[in-house]
Each structure stands twice: as structure tokens, then as C-alpha cells.
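Quick note, the sequences are listed as chains A and B, same order.
Note that our numbering gives residue 448 to position 447 of the first sequence, counting from 1, and the numbers run on in steps of one.
Note that our numbering gives residue 397 to position 137 of the second sequence, counting from 1, and the numbers run on in steps of one.
Cβ atoms here follow ideal geometry from the backbone N, Cα and C, with glycine treated the same way.
Everything on this sheet refers to the single structure shown next.
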Amino acid sequence: MSVTAHAHVDDHAHDDHGHHHHKETFVTKYIFSQDHKMIAKQYLITGLIMGFVGIAMSLLFRMQLAWPGEANVMFETLLGKWAPDGVMDADIYLALVTIHGTIMVFFVLTAGLSGTFSNLLIPLQIGARDMASGFLNMVSYWLFFTSSFIMILSLFVEAGPAAAGWTIYPPLSALPMAQSGSGMGMTLWLVSMAIFIASSLLGSLNYIVTVINLRTKGMSMTRLPLTIWAFFVTAVIGVISFPVLLSAALLLIMDRSFGTSFFLSDIFIQGEVLHYQGGSPVLYEHLFWFLGHPEVYIVLLPALGITSEVMSTNARKPIFGYRAMVASILAIAFLSTIVWGHHMFISGMNPFLGSVFTFTTLLIAIPSAVKAFNYITTLWKGNLQLNPAMLFSIGLVSTFITGGLTGIILGDSTLDINVHDTYFVVAHFHLVMGISALYGLFAGVYHWFPKMFEGKMMNKNLGYIHFWITAVCAYGVFFPMHFVGMAGVPRRYYENTAFPMFDDLTDVQVLMTVFALIAGLAQLVFLYNFISSIFYGKKGPKNPWKSNTLEWTAEVKHIHGNWDGPIPEVHRWAYDYSKVDENGEYIIPGQDFVPQTVPLQKDEEELQH
Amino acid sequence: MTTVLILAVLALVAIAIWQMTKIFELSQLKAETTQIANDSDNKTNGYLLFAFLIFIYAITIFSFWQYGKFLLPEAASEHGDGYDRLMLISFVIIFIVQTITQLLLHYFGYKYRGEKGKKALFYADNDRLEFIWTIIPVITLAGLILWGLYTWTNIMDVNDEGDPLIVELYAQQFNWTARYGGEDNVLGAANVRMIDINKANVLGLDESDTYASDDVIVKELHLPVGRKVNFKMRSQDVLHSAYMPHFRAQMNCVPGMITQFSFTPTKTTEEMRQNPDVIDKVKRTNEIRSERAANGEDNSDPWEFDYILLCNKICGKSHYNMQMKIIVETQEEYEAWMAQQKTFAETVITDEPQPAFNTTRGAASAGL
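Dropping the structure here:
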């Protein structure tokens with residue numbers, strides 16, 4: 002239906018666009034761009050590069066776990082002096098685990114996911130010409146870039162990168178004599194994270210202000226697509242909790258460099274007593290998890306938002322229970338800030354606190370369950386268009402349920418005692434936040450690729466291959482891992498050979514590693530598809546998925562301001578798919594969707610959503 | 261076994277590739293240039309979604325059948341039975357929910373795969389349904405929360421009722437030390453600032469404290485069966501975690517504070533070795549180890565089951581090998597063992613700087 006409009010835009014805005022409105026050089030267009038669409042792409046590509054680094058690291062340490070102490074040419078090539086004769090060193094094992102966690106949680110699933118899609122979709126879906134502050138948006142990206150650069154730089158430090166686990170609990174992270182990675186590597190880690198937090202805060206403030214102030218005419222909060230609700234609430238959680246991580250990082254820097262005792266007390270190491278007195282590592286744990294737990298939802302909510310949108314569009318059905326979905330997002334956001342103590346049941350904090358956190362933690366299962374059931378009902382009696390993005394969204398719901406259910410065990414302070422810090426936890430959070438959020442990221446990339454790259458589309462068949470191999474392998478890695486955890490194997494062990502009771506688990510370790518390696522290879526299919534589609538992708542129609550939301554009414558060619566003409570006005574919510582009148586006919590004859598810009602028809606009821 | 265698994269994986273991959281080529285062929289037939297899913301894509305992927313449901317069930321059944329034996333044997337502590345029961349209940353609930361929800365999700369994906377001209381049902385809201393799936397989790401979780409909290413409060417109530425044995429677990433990079441209260445069952449005062457390696461005072465006991473003089477410091481934890489043990493955990497350098505999986509017990513060791521945990525061992529090491537699950541496990545493990553011995557590899561000496569204390573909080577390079585053997589024995593055996601141990605007063609060097617205590621501990625080992 003929009004092919005003509007498409008062609009018209011192409012004619013109009015051919016390559017003389019930049020010269021008309023304002024001068025754009027290569028630098029202002031591709032590097033220091035203030036345009037949200039370009040910044041979104043910058044976030045995505047930086048995030049994907051970091052993602053490949055993070056995944057490669059996980060493959061390295063999975064090989065070490067499957068074949069402990071065996072020489073491997075990959076280790077020799079990639080780790081250099083850290084793998085003498087090709088055998089991985091125990092210090093670098095911990096460093097790989099640490100940096101893998103840091104990169105995946107912060108750089109890929111926070112910046113790469115929320116950064117990309119908040120930037121791309123907030124202005125486009127609420128009908129704004131750009132973010133509230135294009136300049137701050139640009140600063141936010143370049144701070145993220147700087148922090149990524151420093152994190153990568155820290156890999157090349159003489160004594161090795163940070164290796165105290167991604168949670169960097171002191172005293173291990175505070176004392177260079179406790180671990181070689183706690184020297185320069187840890188300093189760079191902290192600097193990188195401090196900059197990252199600044200970037201995240203600037204970004205989040207921008208998203209909040211934009212959503213509140215720049216919605217187009219008719220776009221009330223209750224007409225917002227669920228993507229925007231998710232990004233908006235994510236930004237709010239970020240603003241509330243990231244500053245607390247900054248304070249933890251700053252106090253840790255003080256303890257490390259200026260001799261303060263915020264987190265340290267009574268330490269005897271390497272033959273001498275240190276002067277630290279009166280601090281407590283438990284305080285650090287509280288500060289860290291005050292961000293650390295909301296962080297899980299900072300990672301997950303955008304993925305769920307994307308899923309809501311992709312699933313509804315491809316099911317050709319409204320999302321089931323819009324109001325319940327918004328309420329769940331808000332409930333999850335609120336509860337997420339008061340459950341952090343479930344990471345600390347056995348940290349030595351008062352058991353009564355443990356009881357309180359058990360209570361709040363299990364409460365959070367309720368809105369999560371509501372969301373899962375609503376997704377399933379959205380599929381019921383739909384006309385499912387199984388595009389790659391749709392498959393990733395269904396996959397997300399699947400792993401979200403599988404991973405979420407084991408949270409009932411970990412959130413229960415009693416049951417946590419024996420599975421705390423074992424592979425059971427690793428399996429749980431990889432499924433519920435790692436894999437789920439990655440699926441959300443992939444769903445978003447496949448779905449909005451045409452929006453990012455001026456109408457070009459990714460190859461669907463490669464997308465199917467990517468999804469099915471990834472889906473099988475993800476369960477192949479993490480399902481058996483629960484059993485390893487329940488056998489009592491602690492995480493962050495360089496090898497399990499020191500305990501004969503873990504001998505019979507070697508086969509499982511090999512199986513998981515083989516699945517992980519195959520999954521890693523499948524990501525190369527995605528990489529190839531992504532890059533080749535940027536350059537050679539076939540152009541699709543202006544609104545390829547027949548979606549209701551505003552971004553598909555914007556110009557295909559990227560122009561500053563998104564819409565060539567006036568900003569469209571919104572007359573309905575985003576989910577009028579397959580809506581029929583009393584005669585059972587579609588509202589717009591012959592078309593099973595009603596874009597938000599279409600005014601209510603005569604006698605049409607706007608449902609109370 | 262490994263080869264079987266790898267073959268299984270390869271077979272799965274082969275099936276995947278076969279399916280992929282099928283997808284390719286199907287899409288080639290239409291010779292369409294569009295990258296939007298068409299009816300044949302929907303059909304193929306709808307069927308694959310159904311196959312994926314079977315895969316999820318299959319991997320669940322396979323894991324339980326193949327890996328169920330890896331789970332820890334029955335609990336060896338009094339509170340452990342309650343723990344195991346709660347775990348079982350939680351798992352039953354989880355598996356019921358998992359089976360049903362995955363079925364609905366993937367079956368709907370298969371059943372309602374798109375076809376040109378098919379009309380989806382405009383179904384945006386249903387308060388009753390929403391209420392049902394809000395209230396069911398609420399009730400279930402309320403039950404689990406109440407049960408969990410009741411158990412938790414009992415486990416974490418560390419008190420002096422019933423004349424518990426007082427034992428300190430002392431953590432340092434990368435080993436464990438245990439200290440008993442001695443005759444008086446009271447631990448003497450201690451602080452890292454009083455550590456004196458030259459005097460073999462490696463735990464920093466207050467030499468002037470009379471409670472400390474009869475303390476017994478050992479590298480192997482012996483516990484009498486049936487007597488409550490109150491553990492006091494200390495760490496001298498970084499965070500560690502005292503993890504005793506067979507007893508369903510774990511507590512972090514935090515520099516600067518004393519943490520505690522309490523349990524009553526109910527089965528001696530000897531009794532546990534007679535447990536059928538443990539016998540199976542030992543047999544399996546020793547088969548692997550004799551195979552290694554035949555190949556001249558490390559870690560090949562035969563293994564006998566023992567309770568173990570592991571470090572379960574990342575603590576540095578040798579975190580993966582920070583352990584202490586735990587022996588649960590009868591009261592008589594315990595007393596006989598204890599009688600052979602030297603007290604702190606006997607091991608600490610007051611006059612002559614003669615190393616009567618193994619000096620590789622403490623400071624020296626911190627440099628590992």
C-alpha cells in the first residue's frame with residue numbers, strides 16, 4: 002500500500018538531502034552524529050562487537066572446563082603468555098569469566114540492547130523528530146564507546162585484566178596482593194564502569210524526558226506501544242539504581258588508592274597485617290546489588306517490550322491484556338529495587354533480612370507469570386507470521402519461563418543455601434536474563450533492520466538457521482547445567498579435578514561445551530547476514546511487517562527529523578490488529594491492521610485499554 | 261560415554277542442517293524475492309516449533325535419566341531432610357508449570373501458524389483470565405514463601421540450646437583450618453592483628469586469654485554424629501564461603517566479622533559410604549579413575565567417599581582447590597581422635613623460636 006509513497010520519498014530525498022537543510026560532513030553524519038537513528042546504529046554495532054568478544058571468551062573457558070589442563074591451539078593463539086604451552090592459566094580463567102560477565106551484562110545487554118532500541122524507537126514510535134537533547138545523546142554514546150575502549154584496553158595490561166568475578170567483591174578486588182588482576186586491570190575496570198554509568202545516566206535521562214515531553218498529538222501514555230513503556234521504565238530504574246553502583250565503585254577506588262576502609266577490615270595477607278579497620282565487604286555487596294538486581298530488569302524489560310511489539314504484530318492480534326502488561330512492567334520495576342538481598346542470603350547479613358528479601362523476591366514472580374501467560378494468550382487463535390523476529394520472541398518466552406521457574410528455588414532463602422554460587426545459579430540466570438535478553442536483541446534486529454538500514458531487509462533463511470541452531474544449543478548448554486549445579490559444583494572453578502566427587506561430571510561438561518561451540522558458530526551466520534544485508538540487503542516495502550506503530554510511517558530514507566512533512570497525529574492504540582466491526586469485516590477493508598494514524602471510523606469503539 | 265554424547269550432538273546437528281536445507285528448498289520453490297515469511301515459511305517453522313517442544317521434553321527426560329544420578333545423596337544433617345523435602349515440592353511445582361506452559365506456547369505456535377487469508381481473533385482483554393493467572397501464582401507462592409520462611413528461620417536460629425559443639429572455620433587463601441573450643445568448649449579471643457607466624461600463632465589467638473589455651477587447631481574437621489555443631493566462620497584475607505553440600509550447609513566467611521551456621525550431622529562417614537547412591541557414585545568414579553590410571557593420567561588413584569568442605573566464593577587463583585575433609589564419626593571415635601590433638605598452649609612457641617607448627621601455613625601459603 003505504501004510503495005508509491007516509498008518511491009516518492011526516494012525521489013525527493015535522494016542524495017542531495019544533506020545539502021538542502023544543513024551542512025553535514027562525514028564526521029557529523031557518521032561519527033559525532035546527533036541523530037538518534039545514527040546513534041542507535043552506533044550503539045548496536047559497538048554492542049555487537051563487544052558481544053562477539055564476550056561470547057568468544059565464554060567459548061575459551063568452556064573448552065577449559067570440558068578438557069581441563071589440556072593444551073589447545075586456540076588458547077596459545079588468543080591468550081599468548083597466559084597460556085604457556087597452550088595450557089590455560091588459572092588467573093586468566095578467572096579474568097575471562099569476569100570480563101565475559103561484565104561485557105555481556107553491561108556492554109551488550111544494557112548498552113547494546115536498551116541503548117540501540119531506546120534510541121531508535123523512542124522518537125520514531127512516539128512521533129518525535131529526535132531525542133529531547135541530541136547533544137547529550139551523542140555524549141552518551143561516546144562515553145559508552147570510551148568505556149568499551151578502556152574495558153578492551155584492560156585486557157592487555159601486563160598483570161592481566163580484572164579477575165574478581167563480574168561482581169568484583171572486595172577485599173579480593175581491592176587488594177593487588179590477593180590476585181594479579183586486582184592491580185592495574187581492576188583500576189581500568191573501575192574507570193571503565195564509572196564512565197559507563199555516566200553514559201547510561203545521560204542516556205536514561207534523555208529517554209525519560211523524551212517520552213514524557215515529546216509525544217505527538219494524541220499519543221497518550223495509554224496509547225504508547227509496550228516497547229516504549231518498557232524503555233521508559235527501564236530508564237527510570239537505571240536512573241534510580243546506577244548512581245548507587247557509582248558510589249560503590251567510588252568507595253572501592255578510595256579503598257584501593259587512598260587507604261580508606263569502607264569495605265575492608267582485619268586483613269592479614271602475605272605475611273602482614275593491613276591497616277584497614279571497621280569496613281565491611283557486606284556493605285559493598287548491598288551497594289552492588291542495589292544496582293545489580295535492578296540491572297537484571299534493565300536488561301530484560303527492553304527485551305520483553307520488543308517481544309510484546311514483535312509478537313503482537315506477527316500474530317496479527319492485539320497484545321493480550323495491555324493494561325496488565327503495563328501494570329506488570331511497573332510492578333516489576335518497583336519490586337526489582339527491593340529484592341537485591343536475595344543475592345546475599347548467606348553473606349552473613351541478618352537472617353531476618355533474608356526473610357524479608359525472600360518475601361519480596363517471590364512476589365516478583367507474580368507479574369512475571371502474568372506476562373508469560375499474556376504472551377501465550379496473544380498467540381492463541383492468531384495468524385502467526387513466523388518471521389525470524391517472531392521465532393526469537395517465542396524463544397524468549399520459552400527461555401524466560403524455563404529460567405524464571407528455577408528462580409523460585411534461588412529466591413527461597415532456604416533452598417538457596419545449597420545451590421548458592423553453584424552452576425545452578427549460572428544456568429538460571431543465563432536462561433532467564435542472558436539468553437532471553439539476547440533473543441530480544443535478535444528479535445529487535447531482525448524486526449527493525451529495515452528501519453535502521455533504510456528499507457533493507459535481512460535474509461530470512463539465514464535468520465531461520467540462526468534461530469534454530471541457537472535455540473537448540475542454548476537449551477543444550479544450560480539445561481544439563483542445572484544438574485551440574487545440583488551435584489554441588491561451585492562456579493568460577495578453573496577445573497573440577499581437585500574433587501573426585503566431580504569426576505563423573507566430565508561427560509556433561511563436554512556435552513555443554515560442544516553445544517556452546519556450535520551455538521558460537523551459529524552467531525557467525527548472524528554476523529554474515531547482518532553485514533551482507535547492510536550492503537546488499539534487498540529493499541522491502543515501507544511497512545514490511547504491516548505494523549501499526551508510527552515508525553513505519555516515517556521516511557524510509559533517513560532524514561533528520563524523521564518525517565518529511567508534519568508529524569503524524571495518533572488516534573488509537575498500537576494494537577488494532579484484525580479488529581472487526583459488528584459485521585465481522587476488518588475496519589479497513591482488505592487490511593488486517595489499522596495504523597495508529599488512522600482516525601476512529603464511524604461507529605467504531607475505542608476499547609478501554 | 262563421551263563419544264556417545266558427541267555422536268548424539270552431531271546427529272542433532274545433522275538433523276538441523278537437513279531441516280535447514282529443506283527450508284531453503286521450500287523457499288526456493290516460490291522463487292520469491294521478499295524476505296517476509298510466506299505460507300511455506302510459516303508451515304515449516306510451525307512444524308519446527310512443534311518439534312522443538314518435543315526436543316524440550318526430550319532433553320528434560322534425558323537429563324533426568326542420565327544426570328539424575330549426579331545429584332547429591334540424601335542429606336546428612338538434621339535440617340537437611342526438611343531442605344530436601346521443600347526442594348522436591350518446589351521441583352514438582354516447577355515441572356508441572358514448565359510442562360504446561362511450554363506445551364501451550366509451542367503448540368499455539370504450531371497450531372496457529374499463519375496462512376494467507378486466515379483471520380486472527382481480535383482478543384484484547386479478559387479480566388477473568390487475568391485474575392485467574394494472577395491468583396494461582398499468588399496462592400502457590402504464598403504457600404512456598406510460608407514454608408520456606410518457616411524452614412529458614414529454624415535453620416538460621418543459631419543458639420546454645422542442647423550443648424552444641426563450638427567449632428571455628430578459618431579461611432585463608434587457599435586453605436581451611438578448624439578450631440575447637442577444647443575442654444571448656446569456648447573459643448578464645450582472636451584477631452588477625454595477633455597473628456605471629458614466628459610463634460606459630462597462625463590464627464591470631466590471644467595468648468593471654470585462658471579460654472584460648474585449650475583450643476585445638478586442626479586441618480581436618482572431625483564431628484561427632486548426632487551432636488549439634490555451631491560453626492563460627494572467620495576469614496583473614498578475602499571473602500570465602502564454607503560450603504558443605506552433603507549437609508545442605510553454606511555460609512560466607514567475611515574478613516572483619518564472625519558469621520555463623522549450625523547443623524547436626526546425622527550420618528557418620530561410614531554410614532554414608534554404605535548409602536546405595538554413594539556406592540554407585542564411588543563405583544562410577546573409580547571406573548573413570550582406573551581408566552585414567554591405565555592411560556597414565558593424573559588424578560587416577562582410587563577414591564573413597566568423604567564429606568568435604570569447599571570454598572564457594574571466588575577467592576583467587578587457587579579457589580578451585582580450597583578444601584578440607586570432614587569426618588563424621590561416633591562419639592567414642594571423636595573423643596579418641598580429640599585426645600590425640602595438641603592444644604594451642606602446647607603448640608604455641610613462647611620462649612624458643614623453634615618451629616613446632618607447620619610454617620607453610622599462614623603467610624607462606626598466601627603467596628601461592
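Alpha-carbon spacing of residue i relative to residue j, whole angstroms
i                           : j                           : result
threonine 378 (chain A)     : glycine 349 (chain A)       : 43 Å
valine 581 (chain A)        : valine 595 (chain A)        : 10 Å
asparagine 461 (chain B)    : methionine 598 (chain B)    : 20 Å
leucine 110 (chain A)       : histidine 506 (chain B)     : 37 Å
threonine 400 (chain A)     : valine 473 (chain A)        : 11 Å
isoleucine 307 (chain A)    : aspartate 558 (chain B)     : 51 Å
leucine 411 (chain A)       : tryptophan 564 (chain A)    : 49 Å
leucine 79 (chain A)        : glutamate 551 (chain B)     : 32 Å
phenylalanine 232 (chain A) : phenylalanine 108 (chain A) : 17 Å
aspartate 577 (chain A)     : glutamate 586 (chain A)     : 13 Å
methionine 304 (chain B)    : lysine 371 (chain B)        : It should be pointed out that residue 304 (chain B) corresponds to threonine in this sequence rather than to methionine. Roughly 12 Å between the two C-alpha positions.
lysine 488 (chain B)        : lysine 527 (chain B)        : 13 Å
phenylalanine 454 (chain A) : tyrosine 447 (chain A)      : 11 Å
alanine 318 (chain B)       : phenylalanine 324 (chain B) : 10 Å
tryptophan 553 (chain A)    : threonine 188 (chain A)     : 45 Å
proline 85 (chain A)        : isoleucine 254 (chain A)    : 32 Å
phenylalanine 503 (chain A) : threonine 407 (chain A)     : 23 Å
leucine 439 (chain A)       : asparagine 497 (chain A)    : 29 Å
alanine 91 (chain A)        : tryptophan 83 (chain A)     : 9 Å
leucine 252 (chain A)       : glutamine 496 (chain B)     : 21 Å
Spatial neighbours of residue i in its chain, beta-carbon cut-off 7 Å, leaving aside the 5 residues before and after
i                        : result
leucine 346 (chain B)    : Trp407, Gly408 and Thr411
threonine 514 (chain A)  : Arg63, Met64, Leu66 and Ala67
alanine 373 (chain A)    : Val398, Phe401 and Ile402
isoleucine 277 (chain B) : none
alanine 179 (chain A)    : Pro172, Leu173 and Ile270
tyrosine 424 (chain A)   : Met482, Val485, Gly486, Val490 and Arg492
isoleucine 40 (chain A)  : Ser34, Asn120, Asn138, Met139 and Tyr142
Three-state secondary structure (DSSP) of residue i
i                        : result
lysine 541 (chain B)     : helix
tyrosine 307 (chain B)   : helix
threonine 1 (chain A)    : Given that chain A is displayed from residue 2 to residue 610, the structure contains no residue 1 (chain A) and the question cannot be resolved.
valine 514 (chain B)     : coil
methionine 598 (chain B) : helix
serine 34 (chain A)      : coil
glycine 370 (chain A)    : Before going on, a small fix: residue 370 (chain A) reads as alanine here, not glycine. Here alanine 370 (chain A) sits in helix by DSSP.
tyrosine 494 (chain A)   : coil
lysine 457 (chain A)     : strand
asparagine 435 (chain B) : strand
Contact set for residue i: own chain, Cβ-Cβ below 6 Å, skip 5 residues either direction
i                       : result
arginine 216 (chain A)  : Ile127
serine 141 (chain A)    : Ser200, Leu203 and Gly204
alanine 390 (chain A)   : Val311, Ala444, Tyr447 and His448
histidine 343 (chain A) : Phe358, Thr362 and Gly412
beta-carbon residue i near the ligand NAD non-hydrogen atom, thresh 7 Å
i                       : result
threonine 423 (chain A) : Looking at this structure, you won't find the ligand NAD or any other ligand, since it has none at all.
Same chain, Cβ closer than 8 Å to residue i, neighbours up to 5 away in sequence not counted
i                        : result
leucine 272 (chain B)    : none
isoleucine 229 (chain A) : Leu122, Ile123, Gln126, Ile127, Val212 and Gly306
tyrosine 567 (chain B)   : Ala336, Met504, His506, Phe507, Thr529, Met532, Lys585, Ile586, Ile587 and Val588
methionine 454 (chain B) : Asn461, Gly464, Leu465, Asp466 and Glu467
histidine 339 (chain B)  : Thr411, Asn414, Ile415, Arg508, Phe523 and Thr524
Would you mind listing the alpha helix (DSSP H) stretches within the region 260-338 of chain A that are 4+ residues and don't spill past its ends, in chain order? Runs found: 282-316 and 323-337.
Those runs of the alpha helix (DSSP H) which lie wholly inside the region 124-174 of chain A and span at least 4 residues: Runs of alpha helix (DSSP H) with 4 or more residues, each lying fully within the region 124-174 of chain A, are found at 135-154, listed in chain order.
Residues of the region 413-447 of chain A with a CB closer than 8 Å to any CB of chain B: list them in chain order, please. If you check each beta-carbon in the region 413-447 of chain A against every beta-carbon of chain B, the ones closer than 8 Å belong to Asp413, Ser414, Thr415, Leu416, Ile418, Asn419, His421, Asp422 and Thr423.
When you check each C-beta in the region 468-482 of chain A against every C-beta of chain B, which residues fall closer than 8 Å? Answer in chain order: Trp469, Ile470, Ala472, Val473, Tyr476, Gly477, Phe480 and Pro481.
Can you give me, in chain order, the residues of the region 377-394 of chain A that have a beta carbon less than 9 Å from any beta carbon in chain B? Closer than 9 Å at the C-beta level to chain B, one finds these residues of the region 377-394 of chain A: Ile377, Thr378, Thr379, Leu380, Trp381, Lys382, Gly383, Asn384, Leu385, Gln386, Leu387, Asn388, Pro389, Met391 and Leu392.
Short of 9 Å Cβ to Cβ, which residues in the region 568-587 of chain B face chain A? Of all residues in the region 568-587 of chain B, Ile568, Leu570, Cys571, Asn572, Lys573, Ile574, Cys575, Gly576, Lys577, Ser578, His579, Tyr580, Asn581, Met582 and Gln583 have a Cβ within less than 9 Å of some Cβ in chain A.
Residues of the region 360-376 of chain B with a CB closer than 8 Å to any CB of chain A: list them in chain order, please. Listed by position, the residues of the region 360-376 of chain B near chain A (Cβ gap below 8 Å) are Thr361, Gln362, Leu364, Leu365, His366, Phe368, Gly369, Tyr372, Arg373, Gly374 and Glu375.
Determine which residues of the region 340-356 of chain B have a Cβ less than 9 Å from any Cβ of chain A, and write them out in chain order. Per Cβ criterion, the list reads Gly340, Gly342, Tyr343, Leu346, Met347, Ser350, Phe351, Ile353, Ile354 and Phe355.
Which runs of the beta strand (DSSP E) spanning at least 3 residues fall entirely within the region 458-516 of chain B, listed in chain order? Correct list: 476-478, 481-484, 489-495, 500-504 and 509-513.
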